[in-house]
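Since the structure comes first, as structure tokens, the remarks are kept for the end.
Protein chains: 2
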Amino acid sequence: MKDPSNPVCRTISTLLSRIGDKWTVLVVQTLGDGSRRFNELRREIPSVSQRMLTLTLRNLERDGLVSRTVTPSIPPRVDYELTALGKSLQKPICGLATWATENVEAIHQAQARFDAAADEAVAA
Amino acid sequence: MKDPSNPVCRTISTLLSRIGDKWTVLVVQTLGDGSRRFNELRREIPSVSQRMLTLTLRNLERDGLVSRTVTPSIPPRVDYELTALGKSLQKPICGLATWATENVEAIHQAQARFDAAADEAVAA
DNA sequence: CTGTATCCCTATAGATACTG
DNA sequence: CAGTATCTATAGGGATACAG
Numbered sequence: 034m035k036d037p038s039n040p041v042c043r044t045i046s047t048l049l050s051r052i053g054d055k056w057t058v059l060v061v062q063t064l065g066d067g068s069r070r071f072n073e074l075r076r077e078i079p080s081v082s083q084r085m086l087t088l089t090l091r092n093l094e095r096d097g098l099v100s101r102t103v104t105p106s107i108p109p110r111v112d113y114e115l116t117a118l119g120k121s122l123q124k125p126i127c128g129l130a131t132w133a134t135e136n137v138e139a140i141h142q143a144q145a146r147f148d149a150a151a152d153e154a155v156a157a
Numbered sequence: 034m035k036d037p038s039n040p041v042c043r044t045i046s047t048l049l050s051r052i053g054d055k056w057t058v059l060v061v062q063t064l065g066d067g068s069r070r071f072n073e074l075r076r077e078i079p080s081v082s083q084r085m086l087t088l089t090l091r092n093l094e095r096d097g098l099v100s101r102t103v104t105p106s107i108p109p110r111v112d113y114e115l116t117a118l119g120k121s122l123q124k125p126i127c128g129l130a131t132w133a134t135e136n137v138e139a140i141h142q143a144q145a146r147f148d149a150a151a152d153e154a155v156a157a
């Protein structure tokens, strides 16, 4: 893991870029407790646009993390669900979530200190 | 964790955006086994530009994950090192890294299948 | 050695309108 | 209902030049 140009580090970096985008984690978390239809997801993630939800779901489907099931009725019905692979991702994400919740306060304080110090430097 | 608009989910999402950027994880991993000077980091992460390394380190410093120690000699010397907070992030990142290495093959196969299916659809 | 400053290009994401 | 298409705004990031 010492050489950042090695495949392992690249893999991690690529993965983090994917799930680190603005919507992927929210969608995965939402699908965590069961399958959802397209507009159900929209309602549960109010801030996501139709376009971004579509793109996010397509990427997740392409990566094999989410399955897409079309029921050709009228009106059409599409259900999204985590695959086994997608579910297996929940555990490591949860680890990160735990770290985040435990340390968010420390990070905010560090940011406040840093910004205060920067302001002071400007004033001087 | 059900409501994606709740603070916890936002926190995770924000955190992932931060460490999910192009360089942060590489820098954190590189600093994982000890402090480095600016140009040492550049050499160990050949693909990073001076600008992006500076920005990445500033953000990490601001978040309290990395400490910056200036030695006012000639030439100047600046050492970067993980703080306790930064080190504590290594464990959850490692969990994700493990998942990534274990499943990278499955993801690639899923992508190949998806792309093949898409091509087929175009051909038809 | 360790950065800043500037220019510029591209990728990402939001808004809106339209379609099967 | 579940998308696609298009336009636009912004942010990320590379290259280069310069500075303490």
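From first to last, the protein sequence lines are chains G and S. If you count by the working numbering, then the first sequence holds residues 34 to 157, one letter each, in order. If you count by the working numbering, then the second sequence holds residues 34 to 157, one letter each, in order. Note that CB positions come from ideal geometry on N, CA and C, so glycine has one too.
Out of S:149, S:137, S:88, S:70, the CA that lies nearest to the CA of residue 44 of chain G is found in S:137. Secondary structure note for residue 60 of chain S: its alpha helix (DSSP H) is the uninterrupted segment 57-64. A direct Cα-Cα distance of roughly 14 Å separates residue 140 of chain S from residue 46 of chain G. Uninterrupted alpha helix (DSSP H) stretches at least 4 residues long and entirely within the region 69-153 of chain G occur at 71-77, 83-95, given in chain order.
In terms of beta-carbon proximity, residue 101 of chain G stays away from the interface with chain S, with every pair separated by 7 Å or more.
Below 8 Å, enough C-beta pairs join the region 120-133 of chain S and the region 124-136 of chain G to call them touching: three or more.
Put simply, the region 65-80 of chain G touches the region 104-122 of chain G. At least three CB pairs are less than 8 Å apart. A distance below 7 Å separates the beta carbons of residue 99 of chain S and residue 119 of chain S.
In summary, residue 133 of chain G is buried, with 16 or more beta-carbon neighbours lying within 10 Å of its beta-carbon over all protein chains present. Using a 10 angstroms sphere on the CB of residue 89 of chain G, the tally of other CB atoms reaches 16 or more, which defines it as buried. Chain G places a beta carbon closer than 7 Å to that of residue 118 of chain S, counting this residue as a contact. For the C-beta of residue 95 of chain S, the chain G residues within less than 8 Å are, from N- to C-terminus, 143, 144, 147, 148. Contact between residue 74 of chain S and residue 63 of chain S is confirmed by a C-beta separation of about 6 Å, below the 8 Å threshold. Between the beta-carbon of residue 49 of chain G and that of residue 78 of chain S there is about 15 Å, and that puts the pair past the 8 Å contact cut. Only 125, 126, 128, 129, 130, 131, 132, 133, 134, 136, 137, 139, 140, 142, 143 from the region 125-143 of chain G bring a Cβ to less than 8 Å from some Cβ of chain S. The beta-carbon separation of residue 153 of chain S and residue 147 of chain G, rounded to 53 Å, does not stay under the 8 Å limit for a contact.
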